[in-house]
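In the numbering used here, the protein residues as written are 170 to 320.
Cβ coordinates follow ideal geometry from the N, Cα and C atoms, glycine included.
Small disclaimer: the values here were computed from a predicted structure and weren't measured.
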Amino acid sequence: MAAFIAKQMVGNQLSAVKGAAGGGDGGDGEDDKEKAEEEERERQEAIREAEERRKEKHRRMEEEREKMRQDIRDKYNIKKKEEVVEMAPQEEPNPLMRRKKTPEELAAEAEQEELDDFTIFHLSQAEPSHPKAASQAAKSVCYRLSERQTH
Numbered sequence: 170m171a172a173f174i175a176k177q178m179v180g181n182q183l184s185a186v187k188g189a190a191g192g193g194d195g196g197d198g199e200d201d202k203e204k205a206e207e208e209e210r211e212r213q214e215a216i217r218e219a220e221e222r223r224k225e226k227h228r229r230m231e232e233e234r235e236k237m238r239q240d241i242r243d244k245y246n247i248k249k250k251e252e253v254v255e256m257a258p259q260e261e262p263n264p265l266m267r268r269k270k271t272p273e274e275l276a277a278e279a280e281q282e283e284l285d286d287f288t289i290f291h292l293s294q295a296e297p298s299h300p301k302a303a304s305q306a307a308k309s310v311c312y313r314l315s316e317r318q319t320h
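Encoded structure:
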C-alpha cells in the first residue's frame with residue numbers, strides 16, 4: 170500500500186516535470202484525454218467484471234450451503250420451513266400520502282370526542298352490559314379521585 174502511494178506521488182511529480190520540459194504541443198493534450206478516457210473505460214469494465222465474479226461466487230456458495238442444509242434436513246427428517254411473507258401495514262414516510270379516513274371513521278371519532286365523562290357514566294348506569302362505556306366510566310372516576318387527592 171505504501172509503495173502504491175509513493176508511486177502515485179512520484180509519478181505525478183514526474184509527469185508534471187515532463188509536461189513542463191517537453192514543450193507545448195497541442196496534440197499531446199488530446200492524446201492524454203483519449204488515453205485517460207480509454208483508461209477510465211478499462212477501469213469501469215474491470216470493476217463490472219469483478220462485481221460479476223463476486224456475485225457468481227456468492228451465488229455458488231449459497232447453492233452449496235442450501236445443498237448442505239437439505240442434506241441435514243434429509244438425514245434428520247426435518248421439514249423445510251415455509252417462508253410466509255406477510256404484508257404488514259407499513260407506515261408511510263410522507264404524511265401527505267397516508268390513507269384517508271372514511272366518513273364512517275370520521276363520524277365515529279367525532280362521536281367519541283363528544284362523549285364526556287357524565288355521558289359515559291350515565292350510559293354505564295343505563296346499560297351496564299355495554300363494556301366500553303363501563304370501562305371508560307371506571308377510568309374517569311379513578312382519574313377524578315386521583316385529581317382530588319393531589320390537590
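| Item | Value |
| --- | --- |
| How big is the Cα-Cα spacing for Glu251 and Glu220? | 31 Å |
| Would you identify the three-state DSSP class for Met170, choosing helix, strand or coil? | coil |
| Could you round the C-beta distance between Lys236 and Arg242 to whole angstroms and report it? I think they count as a contact, below 8 Å. | At roughly 11 Å, the Cβ-Cβ gap does not stay under 8 Å, so Lys236 and Arg242 are not in contact. |
| Please list the terminal residues of the continuous alpha helix (DSSP H) segment that includes Glu251. | Here Glu251 belongs to no alpha helix (DSSP H), and DSSP marks it neither H nor E. |
| Could you give the first and the last residue of the continuous alpha helix (DSSP H) run that contains Leu275? | 272-283 |
| From Lys379 to Arg222, what distance separates their C-alpha atoms? | There is no way to answer for residue 379, as the model of the chain reaches only from 170 to 320. |
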